[in-house]
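Participant:
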Amino acid sequence: MMGKRAVPHAPVAPKARGPIPAEAGIGLRFRHHQEVLESRPAVAWFEVHTENYFGGGAAPACLEAVRREYPVSLHGVGLSLGSADGVDRVHLERVRGVIERVDPGLVSEHLSWSAVGGAYLGDLLPLPMTEEALEVVCRHVDQAQSGLDRRILVENPSTYLQFRHSTIPEWEFLAALARRTGCGILCDVNNIYVSAANHGWDALTYLDALPAAAIGEIHLAGHTVRELEGGRTLRIDDHGSRVAPQVWALYAEALARFGPVPTLIEWDTDVPALEVLQQEAAHAAASLQASAGRYADAA
Amino acid sequence: MPPHRCKHPRGAMPTLLELQQAMRHGLTSGDDAAACAYVISDGLSASQRLDVYRNGFLSRLTSALRLSYPAVHRLVGAEFFEGAARLYIADHPPRSAYLDEYGGDFAEFLAHFSPAASLAYLPDVARLEWAVSCAAHAPEAEPLDPARLMELDEAQRARVRFVPHPSVALLQAGSPADLIRRSVLEQDDAALAAIDPGAGPVWLLVERRASGTQVERLNQAEWRFTVALCAGLALHEVLDATYGTEAGAVLARHLAAGRFTAIRLDDHHDIEGELST
Numbered sequence: 001m002m003g004k005r006a007v008p009h010a011p012v013a014p015k016a017r018g019p020i021p022a023e024a025g026i027g028l029r030f031r032h033h034q035e036v037l038e039s040r041p042a043v044a045w046f047e048v049h050t051e052n053y054f055g056g057g058a059a060p061a062c063l064e065a066v067r068r069e070y071p072v073s074l075h076g077v078g079l080s081l082g083s084a085d086g087v088d089r090v091h092l093e094r095v096r097g098v099i100e101r102v103d104p105g106l107v108s109e110h111l112s113w114s115a116v117g118g119a120y121l122g123d124l125l126p127l128p129m130t131e132e133a134l135e136v137v138c139r140h141v142d143q144a145q146s147g148l149d150r151r152i153l154v155e156n157p158s159t160y161l162q163f164r165h166s167t168i169p170e171w172e173f174l175a176a177l178a179r180r181t182g183c184g185i186l187c188d189v190n191n192i193y194v195s196a197a198n199h200g201w202d203a204l205t206y207l208d209a210l211p212a213a214a215i216g217e218i219h220l221a222g223h224t225v226r227e228l229e230g231g232r233t234l235r236i237d238d239h240g241s242r243v244a245p246q247v248w249a250l251y252a253e254a255l256a257r258f259g260p261v262p263t264l265i266e267w268d269t270d271v272p273a274l275e276v277l278q279q280e281a282a283h284a285a286a287s288l289q290a291s292a293g294r295y296a297d298a299a
Numbered sequence: 300m301p302p303h304r305c306k307h308p309r310g311a312m313p314t315l316l317e318l319q320q321a322m323r324h325g326l327t328s329g330d331d332a333a334a335c336a337y338v339i340s341d342g343l344s345a346s347q348r349l350d351v352y353r354n355g356f357l358s359r360l361t362s363a364l365r366l367s368y369p370a371v372h373r374l375v376g377a378e379f380f381e382g383a384a385r386l387y388i389a390d391h392p393p394r395s396a397y398l399d400e401y402g403g404d405f406a407e408f409l410a411h412f413s414p415a416a417s418l419a420y421l422p423d424v425a426r427l428e429w430a431v432s433c434a435a436h437a438p439e440a441e442p443l444d445p446a447r448l449m450e451l452d453e454a455q456r457a458r459v460r461f462v463p464h465p466s467v468a469l470l471q472a473g474s475p476a477d478l479i480r481r482s483v484l485e486q487d488d489a490a491l492a493a494i495d496p497g498a499g500p501v502w503l504l505v506e507r508r509a510s511g512t513q514v515e516r517l518n519q520a521e522w523r524f525t526v527a528l529c530a531g532l533a534l535h536e537v538l539d540a541t542y543g544t545e546a547g548a549v550l551a552r553h554l555a556a557g558r559f560t561a562i563r564l565d566d567h568h569d570i571e572g573e574l575s576t
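If you want it as structure tokens, here you go:
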């Protein structure tokens, strides 16, 4: 059982309470902490990796200060919703601790697994798309949502392999997960593009299968293309460059289906100047604005 | 081809647990034969596909170690560090996804890592860096108000035990690990060259203050006195032992620096709260 809710670490009195707006936000990394606090850039909202704020010290203190000025979303990478041997209760409790400290607008995790037999394998590993895996993930999303006292969003991963015994297309798996657990979907458009290219899927079929009402957030990021023998390529989601033109195009398709959704620019490898992230966010904001107009016209 | 509800073509269907155990074995040992049997090749071998994840596993955990051990990284160079880290990671995968807690026994690994044997001080520097890293991420805790001690009568004061701040760590090193670490991080080659690695031992106190993490050198008597206090011995037990130091002055310094968070009058009862009301 989860413990009783603890008293928050420090009083948080954010100006910007409430949900994450349907605008373009930026992934906040340590490199930009000080700059954000000093210059208060015009950014609609920030998202951080939950696990970077489990402890005490300078980083969580900085996040609390940022939170007083901006909406903040928590994006987890370590809950391992797809682990056959269960969700780590201690980890879940730590996520809860950060939630109490930060009062985030959204909390998200991944459709993947990272731990087995008490060992954490440091990556978002692919799940076989089977009925068994769907049941496991549903059970763990239920546990997470009841343990955290809130709805979570689950993100589609980038994948580089498929299992022989998979029987369910990933888009159907994700839609079924949302239907059965009531969780939301974090639609990572770059990941759809990368996985579709790697496995020969149709990215628009993927988007069409997702329930629009469940889409709580969109992620955009850069990826690299690895040339293989025989002229083949493998796309790797490394969050280390600008969003690719094809991904911007797919983003427009996503907005046409889902309407304006909070959209995040992620950049984790060779993190550039904040200004570059703001340029990418401005690009997303323009698409959001165009989509809002079209969406209103259609309604 | 997409897995449109197709029947898998060959081999027994693994349970999710069997599949994950095979993947774990493949990622940590490099022997991915079992995992490969479950993966579709499709223009790229199953092993090459698993390599993408193996690289992610190793590079993410190597980065975590590099963040905790920046001076060790600089001392041995990137290539050597990566090689050592890969061996360490394969044998010691993290127990949890909270990577700030990962790598606590890397110093122990380095102490038995024969290619690093010529750098006898390396495990000391690693132990110090681990203490600094733990201090940086230690939970927040309000320091004890020294005035609380004045609210106790003399008999109570003799029995009092101190609860150390979660960031405080005490370590003894055979080499001047503090000086080596500092000159390496400051990239001060002249200072590093001037250090006699045999000029030990040193007795160190590591902590996090408002300004950041700090490493302070104590003398042996002060260090042993502080270790006894932090271990929760009653004040009279600590004072009775002959540490050969100005115990009162050292205690006052620790109190002023906020190195304790509470006082107790016996093994079980934390009285910090009740005295504050």
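Those protein sequence lines, which keep their order, are chains E and G. Our numbering puts the first residue of the first sequence at 1, with every later residue one more than the last. Our numbering puts the first residue of the second sequence at 300, with every later residue one more than the last. For every residue, glycine included, the Cβ atom is placed at its ideal position computed from N, Cα and C.
1. Measuring CB to CB, does Q471 (chain G) end up less than 9 Å from V505 (chain G)?
2. Are the C-beta of L470 (chain G) and some C-beta of chain E separated by less than 9 Å?
3. Using the C-alpha atoms, what's the distance from A490 (chain G) back to G497 (chain G)?
4. Let's see if you can read the secondary structure: which residues bound the alpha helix (DSSP H) around F405 (chain G)?
5. In terms of alpha-carbon separation, which member of G:I494, G:R563, G:M312, G:I388 lies closest to G531 (chain G)?
6. Note down, in chain order, every chain E residue with its Cβ under 8 Å from the Cβ of G342 (chain G).
7. Would you say R139 (chain E) faces chain G, with C-beta separation under 9 Å as the test?
8. Please tell me whether Y387 (chain G) has its Cβ less than 9 Å away from any Cβ of chain E.
9. At a CB distance below 9 Å, what residues from the segment 111–123 of chain E approach chain G? Give them in sequence order.
10. Mapping DSSP to helix, strand and coil, what is G27 (chain E)?
11. Per DSSP, I20 (chain E) forms a beta bridge with which residues?
12. Hey, could you find the ends of the beta strand (DSSP E) L186 (chain E) is sitting in?
13. In the DSSP output, which residue or residues are listed as bridge partners for V154 (chain E)?
14. What are the boundary residues of the alpha helix (DSSP H) that V329 (chain E) is part of?
15. Cutting at 7 Å between CB atoms, please list the residues of its own chain near S112 (chain E), excluding the five before and the five after it.
16. Count the other C-beta atoms from every protein chain shown that fall within 10 angstroms of the C-beta of P245 (chain E), then say buried if there are 16 or more, exposed otherwise.
17. Residues in its own chain within less than 6 Å of L517 (chain G) by CB, not counting five upstream and five downstream?
18. Quick check on the DSSP output: the alpha helix (DSSP H) that includes A273 (chain E) runs from which residue to which?
19. Helix, strand or coil: which one does DSSP assign to A416 (chain G)?
20. Which bits of chain E does I339 (chain G) rub up against, with CB to CB less than 8 Å?
21. Locate the alpha helix (DSSP H) running through S346 (chain G), then write down its first and last residues.
22. Report yes if the CB atom of G130 (chain E) is closer than 9 Å to the CB atom of T181 (chain E), and no otherwise.
23. Leaving aside the five residues before and after Y352 (chain G) along the sequence, list all residues of the same chain whose C-beta is less than 8 Å from its C-beta, in chain order.
24. Can you tell me the Cα-Cα spacing of G231 (chain E) and S344 (chain G), whole angstroms?
25. Rounded to the nearest angstrom, what separates G355 (chain G) and L277 (chain E) at their Cα positions?
26. Kindly list the residues whose CB is nearer than 7 Å to the CB of L398 (chain G), restricted to its own chain and excluding five residues on each side of it in sequence; keep chain order.
27. Residues in its own chain within less than 8 Å of P41 (chain E) by CB, not counting five upstream and five downstream?
28. For L37 (chain E), does the count of other Cβ atoms within 10 angstroms reach 16, so buried, or fall short, so exposed?
29. Starting from T560 (chain G), trace the beta strand (DSSP E) both ways and give me its first and last residue.
Facilitator: Answer, in terms of the structure:
1. no
2. no
3. 15 Å
4. 405–410
5. G:R563
6. L228, G230, R232
7. no
8. no
9. W113, S114, A115, V116, G117, G118, A119, Y120, L121, G122, D123
10. strand
11. According to DSSP, I20 (chain E) bridges with nothing at all.
12. 184–188
13. E:E109, E:I185
14. Missing from the structure shown is residue 329 (chain E); chain E here goes from 1 to 299 and no further.
15. G82, L124, L125, P126, L127, P157
16. exposed
17. W502, L504
18. Per DSSP, A273 (chain E) belongs to no alpha helix (DSSP H) and is neither H nor E.
19. coil
20. L161, Q162, F163, R164
21. 345–367
22. The identity of residue 130 (chain E) in the sequence shown is Thr, whereas the question assumes Gly. The answer is no: Cβ separation not under 9 Å.
23. M322, L326
24. 15 Å
25. 24 Å
26. A363
27. E35, L274, Q278
28. exposed
29. 559–563
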